[in-house]
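Chain order of the listed sequences is A and B. Start counting the first sequence at 154; every next residue gets the next number (this note's numbering). Start counting the second sequence at 12; every next residue gets the next number (this note's numbering). In what follows, a structure is listed as structure tokens, so that the remarks can point back to it.
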Amino acid sequence: SQQGEEDPQALSIQEGENATMNCSYKTSINNLQWYRQNSGRGLVHLILIRSNEREKHSGRLRVTLDTSKKSSSLLITASRAADTASYFCAIPRADSWGKLQFGAGTQVVVTP
Amino acid sequence: KAGVTQTPRYLIKTRGQQVTLSCSPISGHRSVSWYQQTPGQGLQFLFEYFSETQRNKGNFPGRFSGRQFSNSRSEMNVSTLELGDSALYLCASSTGGRDYGYTFGSGTRLTVV
Chain A
154 SQQGEEDPQA LSIQEGENAT MNCSYKTSIN NLQWYRQNSG RGLVHLILIR
204 SNEREKHSGR LRVTLDTSKK SSSLLITASR AADTASYFCA IPRADSWGKL
254 QFGAGTQVVV TP
Chain B
12 KAGVTQTPRY LIKTRGQQVT LSCSPISGHR SVSWYQQTPG QGLQFLFEYF
62 SETQRNKGNF PGRFSGRQFS NSRSEMNVST LELGDSALYL CASSTGGRDY
112 GYTFGSGTRL TVV
């Protein structure tokens, strides 16, 4: 079964607005990672947040982690058309080398 | 520094043929993982190699295999191709630890006809 489940599945916003997407998971984690994928291309690593961290920032991105609720959120502030992409949360399996478990992703469309 | 390089970018093969995909990781990264991405199944883990050893394997049939060379470059092979093998194949490199992010290549788009 999918470890990370993103919500919503799709999000349509206008440039300048903020976009928030959530990720829920089922088991304990060492860290949780967010990736972006532009249409048909490879994934780009955005942020890794460790289980003992509650919030992390990178430019216009803000990630929070609530281990008690087993959930994480990714906020993109002041969105741009170039932010149009699919966003995935990914969780490394603690018992399994090199394996990231991905959710189905949130498809974000930012219109000018 | 150079990113992860996957070749070829696009590939069209006929059912029953075999295919080999290549991945060159970031210099110094010893771990290479492979994923299959399809619209129906999403991103599925194929296998991971570290220092020429397969450390982990996903739930794929034996037609899917891989290897890693001493320079950390990796190849994956799919034999007896089926229509359902049409997908974007992604490789990712990392240092090999569990607390680091992964750098993905641009992928190989395989179409089986």
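The beta carbon of each residue, even a glycine, is placed where N, CA and C say it ideally should be. Here the structure is a predicted model, which means the values were calculated and not measured.
Exposure label - residue i; buried when at least 16 CB within 10 Å
i: Asn-183(A); result: exposed
i: Phe-80(B); result: exposed
i: Tyr-46(B); result: buried
i: Tyr-113(B); result: buried
i: His-210(A); result: exposed
i: Ile-23(B); result: exposed
i: Asp-96(B); result: buried
i: Pro-36(B); result: buried
i: Val-124(B); result: exposed
i: Asp-248(A); result: exposed
i: Thr-18(B); result: exposed
i: Glu-159(A); result: buried
i: Pro-245(A); result: buried
i: Tyr-178(A); result: buried
For residue i, the first and last residue of its enclosing beta strand (DSSP E)
i: Phe-241(A); result: 238 to 245
i: Trp-250(A); result: Run containing Trp-250(A): none; DSSP gives neither H nor E here.
i: Phe-56(B); result: 53 to 61
i: Ser-211(A); result: 208 to 211
i: Ile-37(B); result: Segment: none, Ile-37(B) is in no beta strand (DSSP E) and carries neither H nor E.
i: Ile-166(A); result: 163 to 167
i: Val-197(A); result: 196 to 203
i: Arg-84(B); result: No beta strand (DSSP E) contains Arg-84(B), which DSSP labels as neither H nor E.
i: Gln-28(B); result: Element bounds for Gln-28(B): n/a, residue is neither H nor E.
i: Ile-229(A); result: 224 to 229
Where residue i meets chain B, residues with beta-carbon distance less than 7 Å
i: Gln-186(A); result: Gly-112
i: Asp-257(A); result: In the sequence on display, residue 257(A) carries Ala and not Asp. Result: Gly-53.
Closest residue to residue i among the options (Cα-Cα distance)
i: Gln-52(B); options: Leu-214(A), Gly-256(A), Arg-189(A), Pro-265(A); result: Gly-256(A)
i: Ala-234(A); options: Pro-265(A), Val-197(A), Gln-162(A); result: Pro-265(A)
i: Thr-230(A); options: Leu-201(A), Ser-221(A), Val-263(A), Gly-258(A); result: Val-263(A)
i: Gln-28(B); options: Val-124(B), Gly-118(B), Leu-121(B), Thr-91(B); result: Thr-91(B)
i: Arg-124(A); options: Ala-247(A), Ala-243(A), Thr-220(A), Gly-251(A); result: Beyond the ends of chain A as shown, which are 154 and 265, falls residue 124(A); an answer cannot be given.
i: Leu-228(A); options: Gly-212(A), Thr-220(A), Lys-222(A), Ser-221(A); result: Gly-212(A)
i: Thr-25(B); options: Arg-109(B), Cys-102(B), Asn-82(B), Glu-93(B); result: Glu-93(B)
i: Asn-67(B); options: Ala-13(B), Ser-44(B), Arg-120(B); result: Ser-44(B)
i: Arg-215(A); options: Lys-222(A), Ile-202(A), Lys-223(A), Ser-221(A); result: Ile-202(A)
i: Gly-73(B); options: Thr-106(B), Met-87(B), Asn-82(B), Leu-101(B); result: Met-87(B)
i: Phe-71(B); options: Asp-110(B), Leu-54(B), Ser-38(B); result: Leu-54(B)
i: Ser-76(B); options: Val-30(B), Ser-105(B), Arg-20(B), Ser-83(B); result: Val-30(B)
i: Thr-180(A); options: Gly-169(A), Lys-222(A), Trp-250(A), Gln-260(A); result: Lys-222(A)
i: Glu-168(A); options: Ser-232(A), Gly-258(A), Gln-260(A); result: Ser-232(A)
Chain-ordered chain B contacts of residue i [CB-CB under 8 Å]
i: Asn-183(A); result: Arg-109, Asp-110
Chain A residues whose Cβ lies nearer than 8 Å to that of residue i
i: Leu-101(B); result: Gly-195, Leu-196
i: Asn-67(B); result: Ser-249, Trp-250, Gly-251, Lys-252
i: Ser-117(B); result: Arg-194, Gly-195
i: Glu-86(B); result: Simply none; closest approach about 16 Å.
Proximal residues of chain A, C-beta to C-beta of residue i below 9 Å
i: Glu-63(B); result: Chain A residues near Glu-63(B): none, gap ~14 Å exceeds 9 Å.
Partner residues on chain A for residue i, Cβ-Cβ distance less than 7 Å
i: Glu-59(B); result: Trp-250, Gly-251, Lys-252
Residues, ordered as in the chain, of the stretch 194 to 210 of chain A that lie near chain B by beta-carbon distance below 9 Å: Arg-194, Gly-195, Leu-196, Val-197, His-198, Leu-199, Ile-200, Leu-201, Arg-203
Quick one: which residues of the stretch 224 to 255 of chain A get their C-beta closer than 9 Å to a C-beta of chain B? List them in chain order. Phe-241, Ala-243, Pro-245, Arg-246, Ala-247, Ser-249, Trp-250, Gly-251, Lys-252, Leu-253, Gln-254, Phe-255
Interface residues of the stretch 26 to 48 of chain B facing chain A [CB-CB below 7 Å]: Ser-42, Ser-44
Taking any Cβ of chain A, which residues in the stretch 71 to 83 of chain B have a Cβ under 9 Å from it, in chain order? none
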